[in-house]
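If you count by the numbering used here, then the sequence shown holds residues 2 to 254, one letter each, in order.
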Amino acid sequence: MRKSGPGSGRSATRLYNGLTRHLEVLMRKVEPHPEYPPEEGRYLRGNDYSPAAVIIILTYDAEAIPPEIEKLVRTGVESGAALSGTLQTANIGIEKVICNIVANPNIRYLILGGPESEGHKTGDAIKALLKTGVDEKKRIIGTTALTAVLHNVPDEFIKRFREQLTLVDCQFQDKSVIRKAVWSCFQENPVEFRGQMLFDPGAFPEPPLSGKLTWKVTQPWAEPDDDKERAAKQKALEMIDRLKKKQNSMDTV
Numbered sequence: 002m003r004k005s006g007p008g009s010g011r012s013a014t015r016l017y018n019g020l021t022r023h024l025e026v027l028m029r030k031v032e033p034h035p036e037y038p039p040e041e042g043r044y045l046r047g048n049d050y051s052p053a054a055v056i057i058i059l060t061y062d063a064e065a066i067p068p069e070i071e072k073l074v075r076t077g078v079e080s081g082a083a084l085s086g087t088l089q090t091a092n093i094g095i096e097k098v099i100c101n102i103v104a105n106p107n108i109r110y111l112i113l114g115g116p117e118s119e120g121h122k123t124g125d126a127i128k129a130l131l132k133t134g135v136d137e138k139k140r141i142i143g144t145t146a147l148t149a150v151l152h153n154v155p156d157e158f159i160k161r162f163r164e165q166l167t168l169v170d171c172q173f174q175d176k177s178v179i180r181k182a183v184w185s186c187f188q189e190n191p192v193e194f195r196g197q198m199l200f201d202p203g204a205f206p207e208p209p210l211s212g213k214l215t216w217k218v219t220q221p222w223a224e225p226d227d228d229k230e231r232a233a234k235q236k237a238l239e240m241i242d243r244l245k246k247k248q249n250s251m252d253t254v
């Protein structure tokens with residue numbers, strides 16, 4: 002009979018600890034919002050429980066996307082990203098990204114790749130958004146992008162987006178770097194990647210949020226632009242509620 006020594010005990014302990022950590026990560030995963038992803042766009046949907054989303058900056062017209070950009074997008078989803086797609090503009094484009102990501106709390110990393118858009122400065126805008134946020138007019142602070150104003154998403158979405166995500170900057174890198182970035186985000190134990198320690202922390206500990214930019218078309222009053230408008234909206238809602246109660250009391254007389 003083969004005797005077990007100290008080495009076999011250590012191996013069993015390592016295996017047990019590894020399985021325990023793996024189960025802990027699985028237990029921290031949640032279901033995305035039923036409408037996830039709410040916004041359409043040029044992206045591929047992958048593993049809903051992945052901790053990573055990949056965004057490739059697009060500097061070309063939609064009908065002229067070069068093969069190297071397509072390869073970067075495919076690499077993202079083939080490596081296990083929840084979403085992998087292109088981003089072109091620093092306003093509507095970023096707003097759509099926000100809506101899609103806050104609908105899935107499992108996404109904890111935003112891997113940014115591709116070139117920089119000399120006109121839109123979209124890469125600069127997304128970095129500044131995650132670093133410094135927006136001002137009272139919803140303009141992204143600290144970016145040189147001229148159109149980086151997020152008029153169409155609620156403050157709650159912007160706040161959640163910034164709290165939920167860590168940026169992994171892979172701009173100007175090839176697909177092997179994108180692949181390694183996604184892999185690093187999946188690890189149960191922290192691994193070093195381009196100066197960052199990455200691992201899968203599990204889902205963000207708040208329920209998913211969901212909404213579409215069409216709110217501004219179908220319900221333009223849904224999200225006021227500033228505190229004054231927000232206060233006016235609240236007063237109007239209170240007045241409507243009082244009128245309804247008054248009407249109901251008259252109907253019962």
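For glycine and all other residues, C-beta sits at the position ideal for the given N, C-alpha and C. A quick note: this is a predicted structure, and the numbers were derived from the prediction, not measured.
query: If we count Cβ pairs, one from each stretch, closer than 8 Å, do we get three or more for the stretch 122-129 versus the stretch 65-77?
result: no
query: Relative to the C-alpha of Ile58, which residue among Leu88, Glu137, Tyr110 and Val183 is closest?
result: Walking along the sequence shown from the start, residue 58 turns up at place 57. Nearest of Leu88, Glu137, Tyr110 and Val183 to Ile58, Cα basis: Leu88.
field: Spatially closest choice to Ser51 from Lys72, Val31 and Ala83, by CA coordinates
entry: Taking the sequence shown and counting its residues from 1, one reaches residue 51 at position 50. Closest by alpha carbon: Ala83.
query: Nearest-angstrom Cα distance between Lys132 and Arg161?
result: Residue numbering aside, residue 132 sits at position 131 when the sequence shown is read from its first letter. Residue numbering aside, residue 161 sits at position 160 when the sequence shown is read from its first letter. Spanning the two alpha carbons is a distance of roughly 13 Å.
task: Please go through the stretch 186-213 and give each complete beta strand (DSSP E) segment of 3 or more residues, from N-terminal end onward.
output: 192-194 and 197-199
task: Please name the residue in Glu41, Tyr37, Leu113 and Gly42 whose C-alpha comes closest to that of Phe173.
output: By 1-based counting over the sequence shown, the position of residue 173 is 172. If we check each option's Cα against that of Phe173, Leu113 comes out closest.
- request: Determine the extent of the alpha helix (DSSP H) in which Pro91 is found, giving its start and end residues.
  value: Here residue 91 refers to the residue found at position 90 of the sequence shown. Per the sequence shown, residue 91 should be read as Ala rather than Pro. Premise fails: Ala91 is in no alpha helix (DSSP H) and is neither H nor E.
message: Let me confirm a value: Pro209 is counted as buried when at least 16 other C-beta atoms fall within 10 Å, else exposed. Which label applies?
response: Reading the sequence shown from its first residue, position 208 is the one you call residue 209. Pro209 should be labelled buried.
message: Please classify Thr219 as buried or exposed, where buried requires at least 16 other C-beta atoms within 10 Å of its C-beta.
response: Position 218 of the sequence shown, counting from 1, holds the residue named residue 219. Summary for Thr219: the model assigns pLDDT 49, below 50, so the residue's position carries little reliability, and this model does not support an answer.
- prompt: For Arg140 versus Val150, is the C-beta distance shorter than 8 Å?
  reply: By 1-based counting over the sequence shown, the position of residue 140 is 139. By 1-based counting over the sequence shown, the position of residue 150 is 149. Cβ distance < 8 Å, so Arg140 and Val150 count as in contact.
- prompt: In whole angstroms, what separates the C-alpha of Pro155 from that of Glu69?
  reply: For the purposes of this step, residue 155 is identified with residue 154 of the sequence shown, where counting begins at 1. For the purposes of this step, residue 69 is identified with residue 68 of the sequence shown, where counting begins at 1. Cα to Cα, the separation comes out at about 35 Å.
message: List, from N- to C-terminal side, the alpha helix (DSSP H) runs of 4 residues or more that fit wholly inside the stretch 70-153.
response: 93-103 and 123-133
message: Distance cutoff 8 Å, beta carbons only. Does Gly114 sit that close to anything in chain D?
response: Looking at the structure shown, chain D is missing, and only one protein chain is on hand.
task: Could you check the C-alpha separation between Ser211 and Asn190 for me, to the nearest Å?
output: Counted from its first residue, the sequence shown places residue 211 at position 210. Counted from its first residue, the sequence shown places residue 190 at position 189. Cα-Cα distance, rounded: 31 Å.
Inter-residue CB distance, Ser185 and Leu199 (contact presumed, cutoff 8 Å): Against the sequence shown, residue 185 aligns to sequence position 184. Against the sequence shown, residue 199 aligns to sequence position 198. A Cβ-Cβ separation of about 4 Å places Ser185 in contact with Leu199 under the 8 Å criterion.
message: For Leu214 and His152, I'd like the C-alpha separation in whole angstroms.
response: Taking the first residue of the sequence shown as 1, we reach residue 214 at position 213. Taking the first residue of the sequence shown as 1, we reach residue 152 at position 151. If you take the alpha carbons of Leu214 and His152, they lie about 10 Å apart.
Under the three-state DSSP convention, the category Asp170 falls into: Stepping through the sequence shown from its first residue, residue 170 is reached at position 169. Strand, per DSSP.
- request: Look up Ile56 in the DSSP assignment and say whether it is helix, strand or coil.
  value: Looking up residue 56 in the sequence shown gives position 55. If DSSP states are grouped into helix, strand and coil, Ile56 belongs with the strands.
- prompt: Do Arg56 and Val98 have their C-beta atoms closer together than 8 Å?
  reply: Mapped onto the sequence shown, residue 56 falls at position 55. Mapped onto the sequence shown, residue 98 falls at position 97. Checking the displayed sequence, the identity of residue 56 turns out to be Ile instead of Arg. Going by C-beta atoms, Ile56 is nearer than 8 Å to Val98.
- prompt: Can you tell me the Cα-Cα spacing of Ala65 and Glu32, whole angstroms?
  reply: The residue given as residue 65 occupies position 64 in the sequence shown. The residue given as residue 32 occupies position 31 in the sequence shown. Computed Cα separation, rounded: 36 Å.
task: Take the Cβ of Gly86 as the centre, count every other Cβ of all protein chains shown within 10 Å, and call the residue buried at 16 or more, exposed below.
output: Walking along the sequence shown from the start, residue 86 turns up at place 85. With 16 or more other Cβ atoms within 10 Å, it is buried.
- prompt: Out of curiosity, what's the CA-to-CA distance linking Asn48 and Thr144?
  reply: Counted from its first residue, the sequence shown places residue 48 at position 47. Counted from its first residue, the sequence shown places residue 144 at position 143. Near 32 Å, if we compare the C-alpha coordinates of Thr144 and Asn48.
field: As assigned by DSSP and simplified to three states, the class of Arg161
entry: Taking the first residue of the sequence shown as position 1, residue 161 is located at position 160. When DSSP states are grouped into helix, strand and coil, Arg161 belongs to the helix group.
query: From what residue to what residue does the beta strand (DSSP E) around Arg43 run?
result: Taking the sequence shown and counting its residues from 1, one reaches residue 43 at position 42. Boundaries for Arg43: no beta strand (DSSP E) harbours it, and the DSSP string shows neither H nor E there.
- request: Since I believe Ile95 is in contact with Leu147 (beta carbons under 8 Å), could you give me their beta-carbon distance rounded to a whole number of angstroms?
  value: For the purposes of this step, residue 147 is taken as residue 146 along the sequence shown, with counting starting at 1. For the purposes of this step, residue 95 is taken as residue 94 along the sequence shown, with counting starting at 1. Wrong, their Cβ atoms sit about 14 Å apart, outside the cutoff.
task: Indicate whether Pro106 and Gln165 have their beta-carbon atoms separated by less than 8 Å.
output: Numbered from its first residue, the sequence shown carries residue 106 at position 105. Numbered from its first residue, the sequence shown carries residue 165 at position 164. For Pro106 and Gln165, yes; Cβs fall inside 8 Å.
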